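One structure below.
Residue numbers (the numbering used here), protein chains in the order written: chain A, 1 to 230; chain B, 231 to 630.
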């Protein structure tokens with residue numbers, strides 16, 4: 001039987017492209033949301049995790065932050081903020097949900113607020129440049145140690161980007177644990193680790209906790225003392 | 231000599247390793263920069279260090295400088311000002327001379343490369359005689375959101391001949407029919423302007439500048455002109471001074487604007503009447519002095535009413551200082567409002583938040599710490615380098 005393929009950690013950089021469209025109010029926001037490439041929807045929702053590794057805005061997606069801060073429409077900000085981009089099968093469905101929320105909100109307003117002294121909303125899309133990190137793992141213990149040391153963009157690539165943009169719904173970590181190591185239970189737990197409203201370092205910590213627990217349980221079952229992290 | 235490994239101490243974990251890997255991806259592709267000068271201005275300072283780092287990474291990177299006479303540089307300066315919305319006299323003869331000098335430079339310089347990054351307006355018309363092959367990108371460090379119409383109509387013909395453009399902020403981008411990428415400017419944490427200084431070094435430098443450290447310091451660094459609103463800063467200081475015994479330091483050289491001398495005179499008069507207002511006229515190379523002033527400051531202000539990206543904000547945040555800045559240009563992109571400082575629209579707003587911080591000193595330390603981390607993640611030169619290499623990888627991708 002062929003050995004299972006190793007997990008190869010991939011880092012990334014996102015190159016930002018300005019699309020040249022800017023919204024001054026919620027009507028324009030929803031109009032442009034319909035038109036822009038789906039990569040822009042990704043950038044302003046999921047892309048937040050790579051750009052803001054510390055929490056610098058009130059909400060974890062750009063649409064919510066802009067409507068709340070620059071338009072002063074806290075209600076729409078809250079309604080957009082609660083949309084979890086990982087709840088959708090693909091980015092088109094996410095786009096539809098965002099459009100639906102803004103349209104519904106507009107239907108209830110007499111006069112939607114305009115940017116007054118604040119910034120217009122600039123639509124951006126990102127181009128991902130993949131960078132092999134050279135780190136790879138063949139066992140659960142190796143995987144744990146490489147995950148602890150890898151640059152944070154690799155966490156983004158394998159959890160956020162893989163799921164939301166590359167069509168690998170479970171995320172790469174869960175996919176490898178399931179497909180190559182046959183660890184269905186652990187894969188399911190990793191898949192459930194919620195990246196939304198968190199930071200890449202927090203996601204890393206949560207995953208390391210899960211892996212440590214699995215390694216300890218494995219050691220206990222074999223009658224060995226748990227291994228100290230490398 | 232500073233090495234790429236030295237940045238491991240200051241950049242986010244894993245950044246240098248990622249840069250080494252990214253360099254592997256683009257090795258063998260030639261990356262050429264073209265500008266009007268190798269010295270002067272923050273962009274040139276950072277590019278000097280970027281070139282050293284690219285060379286150390288084993289990349290084939292070059293930097294060419296165009297030639298020109300006094301009239302060429304005067305015209306390029308006028309075009310630059312007009313593209314930023316200022317009214318300047320630029321005649322047809324001046325524009326023809328500008329084009330002719332760049333044609334002459336283009337004939338002499340080796341312009342073959344996989345990616346050619348042409349910085350700012352002065353060399354931009356070189357694109358008219360670009361050699362076959364290679365991707366040409368215009369790197370504009372200016373805010374072109376409201377250019378003077380006639381000069382923009384002239385200049386746009388050349389800008390549109392590039393394959394793409396790079397701007398510092400989405401709000402600076404004019405209408406152009408080519409892809410536009412965003413690369414923020416950056417802070418070099420190991421330069422004289424930003425490196426760590428000992429308390430003794432800071433004290434010695436401030437003694438030399440005649441700035442005592444006996445009370446909290448409010449600092450604004452920048453050219454003395456109306457766009458940076460130093461008079462508004464003095465007014466904000468006066469409101470604060472009723473409640474807090476602070477010193478205001480305004481440090482910078484004269485601006486380019488015709489009203490600069492007038493503003494300087496107002497500041498000198500204010501300083502003559504109040505010993506706690508210190509107006510320092512610093513030369514352009516006063517890197518260590520600015521570093522020491524920022525480190526000695528309690529709160530840094532950048533109360534601009536019009537500005538470019540203003541990377542000085544990130545420089546102050548790198549030194550752990552909360553920044554109160556005008557809500558213009560690139561300042562809101564750097565100041566996370568209420569987290570790393572405050573954006574304001576008036577002298578009163580600036581005074582309010584200065585008082586708020588002085589009354590809640592724990593906030594000063596907290597915001598300063600978050601601001602430094604914000605800069606570490608988003609505005610260090612290592613991120614700038616990775617953006618440029620990503621541009622090289624993306625725009626010169628070889629078909630699989």
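Beta carbons: idealized from backbone N, C-alpha and C, even for Gly.
Source: prediction; values computed, not measured.
### Task
With 7 Å as the limit, tell me which residues of the segment 10–24 of chain A have their beta carbon closer than that to any beta carbon of chain B; keep them in chain order.
11, 13, 15, 16, 17, 18, 20
### Task
Could you name each continuous beta strand (DSSP E) segment of 3 residues or more that falls completely within the segment 402–462 of chain B, going from the start of the chain to the end?
410–412, 447–451
### Task
Identify, in the order they occur along the chain, each residue of the same chain with its Cβ nearer than 7 Å to the Cβ of residue 418 (chain B), setting aside the five sequence neighbours on each side.
Position 188 of the second chain, counted from the first residue, corresponds to residue 418 (chain B). Result list for residue 418 (chain B): 276, 279, 424, 611, in chain order.
### Message
So the candidates are A:129, A:190, A:66; which of them puts its Cα closest to the Cα of residue 208 (chain A)?
### Response
For the purposes of this step, residue 208 (chain A) is identified with residue 208 of the first chain, where counting begins at 1. Cα-wise, what sits closest to residue 208 (chain A) is A:190.
### Query
What's the gap between the Cα of residue 10 (chain A) and the Cα of residue 106 (chain A)?
Here the question's residue 10 (chain A) lines up with position 10 in the first chain. Here the question's residue 106 (chain A) lines up with position 106 in the first chain. Taking the straight line from one Cα to the other gives about 42 Å.
### Message
Quick check on residue 520 (chain B) - is its C-beta less than 8 Å from some C-beta in chain A?
### Response
The residue given as residue 520 (chain B) occupies position 290 in the second chain. Closer than 8 Å: no.
### Query
Taking the C-alpha atoms as reference points, what is the distance between residue 583 (chain B) and residue 554 (chain B)?
Here residue 583 (chain B) corresponds to residue number 353 of the second chain, with the count starting at 1. Here residue 554 (chain B) corresponds to residue number 324 of the second chain, with the count starting at 1. Approximately 7 Å between the Cα atoms of the pair.
### Query
If the cut is a Cβ gap below 9 Å, which residues of chain A does residue 564 (chain B) touch?
Start at 1 with the first residue of the second chain, and residue 564 (chain B) comes out as number 334. Going along chain A, no residue has its Cβ under 9 Å from residue 564 (chain B), so there is no contact; the nearest lies around 10 Å.
### Query
Short check: CB of residue 210 (chain A) to CB of residue 125 (chain A), under 8 Å?
As a working mapping, residue 210 (chain A) is identified with position 210 in the first chain. As a working mapping, residue 125 (chain A) is identified with position 125 in the first chain. No, these two residues do not count as a Cβ contact at 8 Å.
### Query
In chain A, which residues lie with their C-beta within 9 Å of the C-beta of residue 255 (chain B)?
Translated into the one-based positions of the second chain, residue 255 (chain B) becomes position 25. By Cβ distance, chain A contributes 129, 130, 131, 132.
### Query
Between the beta-carbon of residue 510 (chain B) and the beta-carbon of residue 479 (chain B), is there less than 8 Å?
In the second chain, residue 510 (chain B) corresponds to position 280, counting from 1. In the second chain, residue 479 (chain B) corresponds to position 249, counting from 1. Their beta carbons are under 8 Å apart, which means residue 510 (chain B) touches residue 479 (chain B) by this criterion.
### Message
Rounding to the nearest angstrom, what Cα-Cα distance links residue 474 (chain B) and residue 504 (chain B) in this structure?
### Response
Counted from its first residue, the second chain places residue 474 (chain B) at position 244. Counted from its first residue, the second chain places residue 504 (chain B) at position 274. Their backbone Cα atoms lie some 15 Å apart in a straight line.
### Query
So what's residue 132 (chain A) in DSSP terms, helix, strand or just coil?
Mapped onto the first chain, residue 132 (chain A) falls at position 132. DSSP places residue 132 (chain A) in strand when its eight states are reduced to three.
### Separation of residue 519 (chain B) from residue 435 (chain B), as counted between CA atoms
Your numbering for residue 435 (chain B) matches position 205 in the second chain. Your numbering for residue 519 (chain B) matches position 289 in the second chain. About 6 Å.
### Message
In this structure, how does DSSP classify residue 20 (chain A) when only helix, strand and coil are distinguished?
### Response
Translated into positions along the first chain, residue 20 (chain A) becomes position 20. Strand, per DSSP.
### Task
For residue 473 (chain B), decide whether its Cβ has a neighbour in chain A, counting only Cβ atoms nearer than 8 Å.
Taking the first residue of the second chain as 1, we reach residue 473 (chain B) at position 243. It does not: the Cβ of residue 473 (chain B) has no partner Cβ on chain A nearer than 8 Å.
#### Entry: Neighbour-count burial assignment, residue 618 (chain B), 16 or more Cβ in a 10 Å radius
By 1-based counting over the second chain, the position of residue 618 (chain B) is 388. Flag for residue 618 (chain B) reads buried.
### Message
If we define contact as Cβ-Cβ less than 8 Å, is residue 299 (chain B) a contact residue for chain A?
### Response
Your numbering for residue 299 (chain B) matches position 69 in the second chain. No, residue 299 (chain B) lies away from the interface with chain A (no Cβ there is under 8 Å from its Cβ).
### Message
Any C-beta of chain A within less than 8 Å: which residues of the segment 380–407 of chain B qualify?
### Response
397, 400, 401, 403, 405, 406
### Query
Sorted by chain position, which residues of the same chain lie with C-beta nearer than 7 Å to residue 409 (chain B)'s C-beta, five sequence neighbours on each side aside?
By 1-based counting over the second chain, the position of residue 409 (chain B) is 179. Closer than 7 Å at the Cβ level, and outside the excluded window around residue 409 (chain B), lie 394.
### Message
Do residue 341 (chain B) and residue 369 (chain B) have their beta-carbon atoms positioned less than 8 Å apart in this structure?
### Response
Locating residue 369 (chain B) in the second chain gives position 139, counting from the first residue. Locating residue 341 (chain B) in the second chain gives position 111, counting from the first residue. No.
### Query
Secondary structure at residue 321 (chain B), three-state DSSP: helix, strand or coil?
To locate residue 321 (chain B), count along the second chain from 1; it is residue 91. Looking at residue 321 (chain B) - three-state DSSP - the assignment turns out to be coil, as it is neither helix nor strand.
### Task
Report the three-state DSSP secondary structure of residue 477 (chain B) (helix, strand or coil).
The sequence position of residue 477 (chain B) within the second chain is 247, counting from 1. Residue state, collapsed to three classes: strand.
### Message
Please tell me whether, using a cut-off of 7 Å, the distance from the CB of residue 531 (chain B) to the nearest non-hydrogen atom of the ligand ZN is below it.
### Response
Inclusion of the ligand ZN in the displayed structure is not the case, the ligand content being empty and no account of it being possible.
### Query
Can you tell which of B:281, B:244, B:250, B:312 has its C-alpha closest to the C-alpha of residue 149 (chain A)?
Along the first chain, one-based indexing puts residue 149 (chain A) at 149. It is B:244.
### Message
I want to verify the contact list: residues of chain B whose CB lies under 7 Å from the CB of residue 150 (chain A), in sequence order.
### Response
By one-based count along the first chain, residue 150 (chain A) stands at place 150. The contacting residues are 244.
### Query
Is residue 535 (chain B) helix, strand or coil by DSSP?
If you number the second chain from 1, residue 535 (chain B) lands on position 305. The answer is coil: DSSP assigns residue 535 (chain B) none of H, G, I, E or B.
### Message
Going by C-alpha to C-alpha distance, which of A:182, A:119, A:206, A:185 sits closest to residue 402 (chain B)?
### Response
In the second chain, the residue the question calls residue 402 (chain B) occupies position 172. Residue A:119 is the option with its Cα nearest to residue 402 (chain B).
### Task
Spatial neighbours of residue 27 (chain A) within its chain, please: CB distance less than 7 Å, with the 5 preceding and 5 following residues excluded, ordered by chain position.
Working through the first chain from its first residue, we reach residue 27 (chain A) at position 27. 106, 112.
#### Entry: 6 Å Cβ shell around residue 459 (chain B) - same chain, five flanking residues per side excluded
By one-based count along the second chain, residue 459 (chain B) stands at place 229. Hits under 6 Å: 533, 535.
### Task
Would you give the residue range spanned by the alpha helix (DSSP H) that residue 193 (chain A) belongs to?
Within the first chain, the letter at position 193 stands for residue 193 (chain A). Careful: residue 193 (chain A) lies outside any alpha helix (DSSP H) and carries neither H nor E.
### Query
Which residues mark the beginning and the end of the beta strand (DSSP E) in which residue 48 (chain A) is found?
By one-based count along the first chain, residue 48 (chain A) stands at place 48. Segment 48–51 is the alpha helix (DSSP H) holding residue 48 (chain A); no beta strand (DSSP E) there.
### Query
Mind pulling the chain B residues with CB within less than 7 Å of residue 119 (chain A)?
As a first step, residue 119 (chain A) must be located in the first chain, where it is residue number 119. The answer, in chain order, is 401, 562.
### Interface residues of chain A facing residue 409 (chain B) [CB-CB closer than 8 Å]
As a position in the second chain, residue 409 (chain B) is number 179, starting the count at 1. Correct list: 17.
### Message
Would residue 546 (chain B) pass as an interface residue toward chain A - the criterion being a Cβ-Cβ separation below 8 Å?
### Response
By one-based count along the second chain, residue 546 (chain B) stands at place 316. Judged by the 8 Å Cβ criterion, residue 546 (chain B) is not in contact with chain A.
### Task
Starting from the Cα of residue 258 (chain B), find the closest Cα among B:301, B:544, B:598, B:343 and give me that residue.
Residue 258 (chain B) sits at position 28 when you count from the first residue of the second chain. Comparing Cα positions, the closest option is B:343.
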